[in-house]
Amino acid sequence: TQDMTGINPDIARLLAGALGLDLDIEVTTFDTIIPGMSAGRYDLTVSSMTPTEERMEQLDFVDYVQMGSALAVPAGNPQKIAFDGLCGKRVAVLKGSYQLTVNVPGFDQACEDAGEKPLEILQFQDTRQAVSALLSDRADVVYADSPILGYAVAQDSKLEVGDENDFAPVAVGIPHDAGTLDAVAEAMSAIIAS
349 TQDMTGINPD IARLLAGALG LDLDIEVTTF DTIIPGMSAG RYDLTVSSMT
399 PTEERMEQLD FVDYVQMGSA LAVPAGNPQK IAFDGLCGKR VAVLKGSYQL
449 TVNVPGFDQA CEDAGEKPLE ILQFQDTRQA VSALLSDRAD VVYADSPILG
499 YAVAQDSKLE VGDENDFAPV AVGIPHDAGT LDAVAEAMSA IIAS
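Going by the working numbering, the letters in the sequence shown line up with residues 349 to 542, in that order.
The following block contains the structure:
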C-alpha cells in the first residue's frame with residue numbers, strides 16, 4: 349500500500365493525534381535526518397534514533413522504546429559469526445546508524461588490540477540494501493537494530509538473527525529551538541499511560 353507501517357509511523361501518528369496535529373510522514377535516508385531537521389525540512393524524527401551525545405548536541409529527545417542491536421546472518425550461521433568474531437568480516441551497516449557511529453569503533457579497537465584485522469565496513473542507505481548485500485554474498489553479516497532485522501528474517505527464510513546486544517532507548521528527536529519538547533514529552537507520557 350501507500351501507507352507507511354511499523355512502530356515508527358505508528359508512534360508518529362499517535363503523537364500527532366495526541367497533539368491534535370495533521371501528520372505528513374516524509375521518507376528519507378537515516379544519515380540525512382539531522383541535516384534535514386537543521387535545514388527546517390522536518391519538525392521531528394521518529395526513526396529509531398538513539399540519543400547519543402553527538403546527536404544531543406543538535407536535538408532534544410523523548411524516549412519511546414528500548415531497542416537492541418543484532419547481527420543478521422545466513423540461515424544456519426555457516427561462518428558462526430558472533431560479536432566476538434567480527435574482526436576481518438564484511439559488516440553491512442546503515443549510514444549514520446548507532447551501530448556504525450557508536451559500536452563499530454569499539455569493535456575495531458578490540459580487533460586492533462588482538463592483532464587482528466578491523467571490520468570491513470560496508471555502508472548502506474537502508475536495511476533492504478544491507479540484507480541484499482548479505483544474501484548476494486557481498487557481506488558476511490548485517491549489524492542493525494534488532495526489530496528491523498527480526499522483520500527481515502520473518503520475510504526471508506534464508507536469514508536468521510544471531511547475537512543481540514546493546515539495548516538502549518530510542519527516541520523522538522526534536523530540534524533544540526523548536527519549542528515543542530514539553531508538548532511532545534507530555535503527549536508521549538499520555539500515549540504510554542493509555
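We put the CB at the ideal spot given by N, CA and C, even for glycine.
**OP:** Output yes or no for whether 9 Å exceeds the beta carbon distance between TYR446 and ASP493.
**Re:** yes
**OP:** Could you name the residues of the same chain whose beta carbon sits closer than 8 Å to that of ALA538, not counting the 5 residues immediately before and after it, in chain order?
**Re:** ALA366
**OP:** Count the other C-beta atoms from every protein chain shown that fall within 10 angstroms of the C-beta of LYS506, then say buried if there are 16 or more, exposed otherwise.
**Re:** exposed
Subject >> One or two residues paired with SER417 in a DSSP bridge >> reply: ASP493, ASN513
Original post:
What's the gap between the Cα of LEU459 and the Cα of THR377?
Top reply: Leu is not the amino acid found at residue 459; the sequence shown has Cys there. Each residue's alpha carbon lies about 30 Å from the other.
Subject >> Reference ILE373; option with closest CA among ASN356, GLY444, PRO383 >> reply: ASN356
Original post:
By how many angstroms is the C-alpha of GLY424 removed from the C-alpha of GLY318?
Top reply: Nothing about residue 318 can be reported from this structure: the residues present for the chain run from 349 to 542 only.
Original post:
Going by alpha carbons, who is nearest to ALA516 out of TYR412, CYS435, LEU497, PRO426?
Top reply: TYR412
Subject >> Extent of the continuous beta strand (DSSP E) run through ALA440 >> reply: 438–442
Original post:
Whose C-beta lies closer than 7 Å to the C-beta of ARG361 among residues of the same chain, with five residues either side of it excluded?
Top reply: LEU371
Subject >> DSSP-derived helix/strand/coil call for LEU470 >> reply: strand
**OP:** In the DSSP assignment, find the unbroken alpha helix (DSSP H) run with VAL375 in it and report its ends.
**Re:** Run containing VAL375: none; DSSP gives neither H nor E here.
Subject >> Length of the line joining the Cα atoms of GLU405 and MET536 >> reply: 22 Å
Original post:
Whose C-beta lies closer than 8 Å to the C-beta of SER395 among residues of the same chain, with five residues either side of it excluded?
Top reply: ASN356, PHE378, ILE381, GLY521
**OP:** Locate the beta strand (DSSP E) running through VAL394, then write down its first and last residues.
**Re:** 393–397
Subject >> Integer Cβ distance of PRO399 from PHE409, believed to fall under 8 Å >> reply: 4 Å
Original post:
Is the region 461–472 close to the region 437–445, with three or more CB pairs under 8 Å?
Top reply: yes
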